[in-house]
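Scroll down for the structure; my scribbles are underneath it.
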Amino acid sequence: MKAVRIHQFGAPEVLQYEDIPVPEPKEGEVRVKIQVIGINFIDTYRRTGLYKMATPFIVGEEAAGVVDAVGAGVTDSKIGERVVYCTVQGSYAEYAIVPAWRVVQIPQNISARDATAIYLQGLTAHYLAHDTFPIKSGDTALIQAAASGAGQLLVQIAKMRGARIIGTTSSDDKARIARAAGADEIILYTQKDFEAETKRLTNGKGVDVVYDSVGKTTAEKSLNCLRPRGMLVLWGNASGAAPAIDPLALMAKGSLFVTRPTLTHYTRDRAELIARAKDLFAWMTAGKLRVRIDKTFALKDAADAHRYVESRASAGKVLLIP
14 MKAVRIHQFG
24 APEVLQYEDI
34 PVPEPKEGEV
44 RVKIQVIGIN
54 FIDTYRRTGL
64 YKMATPFIVG
74 EEAAGVVDAV
84 GAGVTDSKIG
94 ERVVYCTVQG
104 SYAEYAIVPA
114 WRVVQIPQNI
124 SARDATAIYL
134 QGLTAHYLAH
144 DTFPIKSGDT
154 ALIQAAASGA
164 GQLLVQIAKM
174 RGARIIGTTS
184 SDDKARIARA
194 AGADEIILYT
204 QKDFEAETKR
214 LTNGKGVDVV
224 YDSVGKTTAE
234 KSLNCLRPRG
244 MLVLWGNASG
254 AAPAIDPLAL
264 MAKGSLFVTR
274 PTLTHYTRDR
284 AELIARAKDL
294 FAWMTAGKLR
304 VRIDKTFALK
314 DAADAHRYVE
324 SRASAGKVLL
334 IP
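Residues in the sequence shown are numbered consecutively from 14, following the numbering used here.
Dropping the structure here:
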């Protein structure tokens, strides 16, 4: 089968399109014949070595396809079933081995492309808005990179929960996309200081929560946008890892809270995974949650896809097709 592997960490050029044997499922596993692959920023972190893994390895951790083989003891998945999965390494390939409990059946009315486009980023937005900081009516949130694929989903879910949303974007085009997702106010961070604008828009009070997926270039100023006892949710590193934060600074700025969550801790078992996935698919079916596919690349062009994602030019989900 064809797969994209890494033998050494580095720039997109280290992504190698190779022939490797088709894997066989073991006990408790299924094999998925992959139809659509989702690209996420975490893929670039693994490629650069920010998140270390033993090499060589197949990149990627999100895909949709059809179960074409099952291992011993698997009862919840059947051959021929359309499924989607994430947080399992090895999706940049024609086939992948996945623990059976991690695959979720795709509803008949949802395409493999849409299921992939909404899945990992939608699950992330779900836990951020429901659990990490359970946002509610009357709250105001600052969402960094509000026009990104995950940002748009987070805006929509937070609006469903009754919050006021201030979003940051880099351009007028992205501002229109974030507004279409439901953002109440937009700050063009390339033209205005987002800290000063956030304070102006909140009459100097600050926001209840900042959802920050950018990291290095925004984290310190994001803290300054919070009200006393507000929370900074650092859930991504698009510009690099956020700098270390002095606990005494949190006290001085208003007894603030900071957390760095990750999806695996919010999908600890199949029951939690299924509950979140069911919400996403139900909202999608009802038209309450919309996904925007920005661009599609062939699997062999994974390096070009990584360059595009890292340029931060995308405004929606980027997909690979085997």
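The C-beta atom is built at its ideal place from N, Cα and C for all residues, glycine as well. Nothing here was measured: the structure is a model prediction, and the numbers come from that model.
{"query": "Counting C-beta neighbours from all protein chains within 10 Å, is the total for residue 249 16 or more, i.e. buried, or is it exposed?", "result": "buried"}
{"query": "To the nearest whole angstrom, what separates the beta carbons of residue 72 and residue 19, a pair I think is in contact under 8 Å?", "result": "6 Å"}
{"query": "Comparing alpha-carbon positions, which option in 16, 239 and 65 lies nearest residue 32?", "result": "16"}
{"query": "Using three-state DSSP, classify residue 198 as helix, strand or coil.", "result": "strand"}
{"query": "Counting only runs that start and end within the segment 155 to 215, where is the alpha helix (DSSP H) found for 4 or more residues in a row?", "result": "162 to 173, 185 to 194 and 207 to 214"}
{"query": "Straight-line CA distance for residue 294 to residue 195?", "result": "19 Å"}
{"query": "How many angstroms separate the CA atom of residue 34 from the CA atom of residue 192?", "result": "46 Å"}
{"query": "Threshold first: 3 residues or longer. Then list the beta strand (DSSP E) segments lying entirely within the segment 216 to 271, N to C.", "result": "220 to 225 and 239 to 247"}
{"query": "Can you tell me where the alpha helix (DSSP H) holding residue 336 begins and where it ends?", "result": "Given that the chain is displayed from residue 14 to residue 335, the structure contains no residue 336 and the question cannot be resolved."}
{"query": "Consult DSSP for residue 54 and reduce its assignment to one of helix, strand or coil.", "result": "helix"}
{"query": "Spell out a yes or no on whether the segment 297 to 306 and the segment 140 to 147 are touching, meaning 3 or more CB-CB pairs, one atom from each, closer than 8 Å.", "result": "no"}
{"query": "From the DSSP output, read off the bridge partner residues of residue 118.", "result": "96"}
{"query": "Considering residue 323, what are the terminal residues of the alpha helix (DSSP H) in which it resides?", "result": "315 to 323"}
{"query": "Return yes when the Cβ of residue 90 is within less than 8 Å of the Cβ of residue 50, no when it is not.", "result": "no"}
{"query": "Which residues does DSSP pair with residue 311 in a beta bridge?", "result": "334"}
{"query": "Over what stretch of residues does the beta strand (DSSP E) that includes residue 33 continue unbroken?", "result": "It is not in any beta strand (DSSP E) - residue 33 carries neither H nor E in the DSSP assignment."}
{"query": "Beta-carbon separation of residue 326 and residue 190 under 8 Å?", "result": "no"}
{"query": "Tell me the DSSP bridge mates of residue 43?", "result": "83 and 111"}
{"query": "Could you tell me how far apart the beta carbons of residue 229 and residue 256 are, in whole angstroms, since I believe they sit closer than 8 Å?", "result": "7 Å"}
{"query": "Between residue 268 and residue 151, what straight-line distance do the alpha-carbon atoms span, to the nearest angstrom?", "result": "21 Å"}
{"query": "Taking residue 177 as the reference, give the member of 202, 215 and 188 with the closest Cα.", "result": "215"}
{"query": "Are the beta-carbon atoms belonging to residue 332 and residue 130 less than 8 Å from one another?", "result": "yes"}
{"query": "Would you identify the three-state DSSP class for residue 74, choosing helix, strand or coil?", "result": "coil"}
{"query": "Contact check, residue 174 vs residue 142 under 8 Å by CB: the rounded distance?", "result": "6 Å"}
{"query": "Short of 8 Å in beta carbon distance, which residues of its chain neighbour residue 54, apart from the five on each side in sequence? Order them along the chain.", "result": "226, 249, 250, 251 and 322"}
{"query": "Strictly by DSSP, which residues pair up with residue 49?", "result": "77"}
{"query": "Is it buried or exposed, residue 241, if we count other Cβ atoms within 10 angstroms and call 16 or more buried?", "result": "exposed"}
{"query": "Rounded to a whole number of angstroms, what is the C-alpha to C-alpha distance between residue 210 and residue 85?", "result": "58 Å"}
{"query": "From what residue to what residue does the beta strand (DSSP E) around residue 301 run?", "result": "It is not in any beta strand (DSSP E) - residue 301 carries neither H nor E in the DSSP assignment."}
{"query": "Can you tell me the Cβ-Cβ gap for residue 169 and residue 303, rounded? I've got them flagged as a contact below 8 Å.", "result": "7 Å"}
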